[in-house]
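Peer 1: I'd like to ask you about the structure that follows.
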Amino acid sequence: MRKTGLIIAVLCYIFVSVPAQINDSAFHKKMEWFKDAKLGIFIHWGIYSVNGIDESWSFFNNYISHDDYLKQLDGFTADRYEPDHWAELIQNSGAKYAVITSKHHDGFALWNTEYGNLNAVKHSAAGRDVLTPFVDELRHRGVKVGVYFSLPDWSYEDYTHHTRSVIRYKPESDPERWEKFLDYYQGQLRELLGKYNPDLWWFDGDWEHSGEEWQVDKVRSLLLKKNPGVILNSRLRGKGDYETPEQGPPVLRPAAKYWELCLTMNDSWGYQPNDTNYKTPQQIIDIFADCISKGGNLLLDIGPKPDGTIPEEQEHILKELGRWTDKHKEAIYGTERGIPYDHYYGPTALSKDSTLLYLFVKGNANGQLTLKGISNKINRIWVVGNGTKLNHQVTSKVFWNKYPGLAYIDLPAHLLDKYCTVLAVLLDGPVDLYRETTGAIEKTL
Ligand code: GLC
Numbered sequence: 002m003r004k005t006g007l008i009i010a011v012l013c014y015i016f017v018s019v020p021a022q023i024n025d026s027a028f029h030k031k032m033e034w035f036k037d038a039k040l041g042i043f044i045h046w047g048i049y050s051v052n053g054i055d056e057s058w059s060f061f062n063n064y065i066s067h068d069d070y071l072k073q074l075d076g077f078t079a080d081r082y083e084p085d086h087w088a089e090l091i092q093n094s095g096a097k098y099a100v101i102t103s104k105h106h107d108g109f110a111l112w113n114t115e116y117g118n119l120n121a122v123k124h125s126a127a128g129r130d131v132l133t134p135f136v137d138e139l140r141h142r143g144v145k146v147g148v149y150f151s152l153p154d155w156s157y158e159d160y161t162h163h164t165r166s167v168i169r170y171k172p173e174s175d176p177e178r179w180e181k182f183l184d185y186y187q188g189q190l191r192e193l194l195g196k197y198n199p200d201l202w203w204f205d206g207d208w209e210h211s212g213e214e215w216q217v218d219k220v221r222s223l224l225l226k227k228n229p230g231v232i233l234n235s236r237l238r239g240k241g242d243y244e245t246p247e248q249g250p251p252v253l254r255p256a257a258k259y260w261e262l263c264l265t266m267n268d269s270w271g272y273q274p275n276d277t278n279y280k281t282p283q284q285i286i287d288i289f290a291d292c293i294s295k296g297g298n299l300l301l302d303i304g305p306k307p308d309g310t311i312p313e314e315q316e317h318i319l320k321e322l323g324r325w326t327d328k329h330k331e332a333i334y335g336t337e338r339g340i341p342y343d344h345y346y347g348p349t350a351l352s353k354d355s356t357l358l359y360l361f362v363k364g365n366a367n368g369q370l371t372l373k374g375i376s377n378k379i380n381r382i383w384v385v386g387n388g389t390k391l392n393h394q395v396t397s398k399v400f401w402n403k404y405p406g407l408a409y410i411d412l413p414a415h416l417l418d419k420y421c422t423v424l425a426v427l428l429d430g431p432v433d434l435y436r437e438t439t440g441a442i443e444k445t446l
């Protein structure tokens, strides 16, 4: 009897747990490129750039009428649009993927959709598909393709919400009408899937309906069936693969294994010439280093103008970022989250085998840096992107306990990067952090 029980238990283990583990490791495998990528560029491009107003929300919140909002279609010319230049700028910034708004909540589609009339080809001054050439350029350069897609479509007549004050109907009050909307939006998804087979889908606006109403399970399996390796963000009523904190650089380390901070360069997603509250390259690099240190990605947004050019301030940030990422690539791509801030007053990252510890040194903090409570022997320290070997001194170490002491590292001013210097600390093995109370007498004298 006991033997039968054991056999059943073993079979259960094989049939239940093992496939689960296989799935789990397949999941981590598919997330690998994303985790290693660290930097993506978000692009909000749509008719809202014409007046320079909030994307979609400006009419939803009744700051402008829907009719006046749509008049912007006539100003969306794309006549100076150079998708190859966009892709080049993105690649040179050090980003490994880009996510572009194929359709925001206003329902304006950048590609030639057969569903509805509101798109760049049929109803804008551009008169052409502006999405396909950009996707082609990204592919050409080996930059991964992410497609942003808004589930809500506030312009579509069979969608429930039109503005904050005008709700057309509720799905339960008119299921047939809701079905029509589902066919419409899922039809668009099928088009995008067929045309671009994206590496990543970035959904938005899921808050307006439940997972059952959106049919998220159906959508997820539709996308995964075509491309089992595809990555979905979490805004699919929790049926996605990674978290998307928005605007607020995390204070604490997010609990999620995979996450990405989406962040504007000023305070707007789309082009708004009136918004001059730009973050400096220094601030953006600080935030980026903090994301790396906390194990996440940065998805940094640009908002091109209606003629297709990228605002000068945004190009400048991308170029400055590119100079920094290129110099420090070994400390950025493929690294793991760093050590707790207790051990070093700043962001850090670790190599995959955790024998190399990278220290990010913000701004012009020359002099001596302190590493605290690292039990490993330090074999060598050098400046990333430059190679200069640095001296260090270990103090506060006594032979009668395991407290590893403080390592003071000399960093001369002439070796500083304009924004953020990175030091590589080669340890004698995987990083070993001392997390005990100090001062215990463990050996007699
Ligand atoms: C929000 C907003 C939207 C913006 C997005 C980017 O969900 O609705 O306007 O595109 O965040 O993360």
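In our numbering, the protein residues as written are 2 to 446.
Built from N, CA and C at the ideal position, the CB exists for glycine as well.
On the premise that L360 lies in contact with Y345, defined as a C-beta separation below 8 angstroms, what is that separation, rounded to the nearest angstrom?
Peer 2: That pair is a contact at about 6 angstroms.
Peer 1: Do you know how far the Cα of E180 is from the Cα of I42?
Peer 2: Distance between the alpha carbons of I42 and E180 is about 34 angstroms.
Peer 1: Within 10 Å of its beta-carbon, does G230 have 16 or more other beta-carbons around it, so buried, or fewer, so exposed?
Peer 2: exposed
Peer 1: Counting pairs of beta carbons, one from the stretch 142-155 and one from the stretch 100-118, are three or more of them closer than 8 angstroms?
Peer 2: Pairwise C-beta distances place the stretch 142-155 in contact with the stretch 100-118, as three or more of them are shorter than 8 angstroms.
Peer 1: Leaving out five residues before and five after N198 in sequence, what residues of the same chain have Cβ atoms less than 7 angstroms from its Cβ?
Peer 2: Around N198: K227 and N228.
Peer 1: Which value, in whole angstroms, describes the spacing of the CA atoms of L12 and A27?
Peer 2: Confidence at L12 is low in this model, with a pLDDT of 44, below 50, so the placement of that residue should be treated as unreliable; the coordinate-derived value is given next. Their backbone Cα atoms lie some 22 angstroms apart in a straight line.
Peer 1: Where in the stretch 262-321 do unbroken runs of the beta strand (DSSP E), each at least 3 residues long, occur, reported from the N-terminal end onward?
Peer 2: Runs of the beta strand (DSSP E) spanning 3 or more residues and lying entirely within the stretch 262-321 occur at 298-303, in chain order.
Peer 1: Mind the definition here: the stretch 44-56 touches the stretch 259-272 only if three or more C-beta pairs lie below 8 angstroms; say whether that holds.
Peer 2: yes
Peer 1: Cutting at 8 angstroms between CB atoms, please list the residues of its own chain near E337, excluding the five before and the five after it.
Peer 2: G296, A350, L351, S352, K353 and S355
Peer 1: Would you grab the beta carbon distance between A88 and R142 for me? Rounded to a whole angstrom, and I think it's under 8 angstroms.
Peer 2: With a Cβ gap of about 5 angstroms, A88 and R142 count as contacting.
Peer 1: List the residues that DSSP assigns as beta-bridge partners of F182.
Peer 2: Its beta-bridge partners do not exist; DSSP assigns none.
Peer 1: Note down the Cα distance separating A257 from D68, rounded to an integer number of angstroms.
Peer 2: 42 angstroms
Peer 1: Return the residue from the list N392, H393 and L407 that minimises the CA-CA distance to V399.
Peer 2: L407
Peer 1: Could you tell me which whole beta strand (DSSP E) segments of length 3 or greater appear in the stretch 76-112?
Peer 2: 98-104
Peer 1: Using only the alpha-carbon positions, how far apart do K330 and P134 sit?
Peer 2: Distance between the alpha carbons of K330 and P134 is about 29 angstroms.
Peer 1: Using 8 angstroms as the threshold, is the C-beta distance between K39 and Y334 below it?
Peer 2: yes
Peer 1: Based on Cα-Cα distance, which residue from H162, R191, L233 and L223 lies nearest to W208?
Peer 2: Closest by alpha carbon: H162.
Peer 1: Please look up how many angstroms separate the CB atoms of I412 and G368, rounded, as I've assumed it's under 8 angstroms.
Peer 2: Residue identity check: residue 412 is Leu in the sequence provided, not Ile. Confirmed, about 7 angstroms.
Peer 1: According to DSSP, which residues form a beta bridge with G368?
Peer 2: The bridge partners DSSP lists for G368 are L412.
Peer 1: If K390 sits next to E443, beta carbons under 8 angstroms apart, how far is it from one beta carbon to the other, in whole angstroms?
Peer 2: That pair is no contact at about 33 angstroms.
Peer 1: Which residues in the same chain as W58 place their Cβ atom closer than 7 angstroms to its Cβ, once the five residues preceding and following it in sequence are excluded?
Peer 2: none
Peer 1: In terms of residues, what are the limits of the beta strand (DSSP E) holding W383?
Peer 2: Segment I379 to V384, the beta strand (DSSP E) holding W383.
Peer 1: At what residue ranges does the stretch 136-209 contain a whole run of the alpha helix (DSSP H), taking only runs of 4 or more?
Peer 2: Here the runs fully enclosed are 176-197.
Peer 1: Go ahead and label K378 buried or exposed: buried means 16 or more other beta carbons lie within 10 angstroms of its beta carbon, across all protein chains shown.
Peer 2: exposed
Peer 1: On the DSSP letters alone, give me the boundaries of the beta strand (DSSP E) that K363 sits inside.
Peer 2: L357 to K363
Peer 1: Are there any heavy atoms of ligand 1 lying less than 7 angstroms away from the beta-carbon of D205, as far as the coordinates show?
Peer 2: yes
Peer 1: Mark H29 as exposed unless 16 or more other C-beta atoms lie within 10 angstroms of its C-beta, in which case mark it buried.
Peer 2: exposed
Peer 1: In whole angstroms, what separates the C-alpha of T277 from that of E115?
Peer 2: 38 angstroms
Peer 1: Within this structure, are the beta carbons of L264 and I288 separated by less than 8 angstroms?
Peer 2: yes
Peer 1: State the Cα-Cα distance for the pair D37 and D184, rounded to the nearest angstrom.
Peer 2: 36 angstroms
Peer 1: Beta carbon of S235: closer than 7 angstroms to some heavy atom of ligand 1?
Peer 2: no
Peer 1: Near I318, which residues of its chain fall below 7 angstroms by C-beta distance, leaving aside the five closest residues on each side in sequence?
Peer 2: M266, P282 and I285
Peer 1: Tell me, which residues are paired with Q394 by DSSP?
Peer 2: For Q394, the pairing in a beta bridge is given by DSSP as Y409.
Peer 1: Nearest CA to the CA of E83: which residue from I311, T371, V385 and N298?
Peer 2: I311
Peer 1: Is it buried or exposed, D291, if we count other Cβ atoms within 10 angstroms and call 16 or more buried?
Peer 2: Looking at its Cβ environment, which holds 16 or more other Cβ atoms inside 10 Å, D291 is buried.
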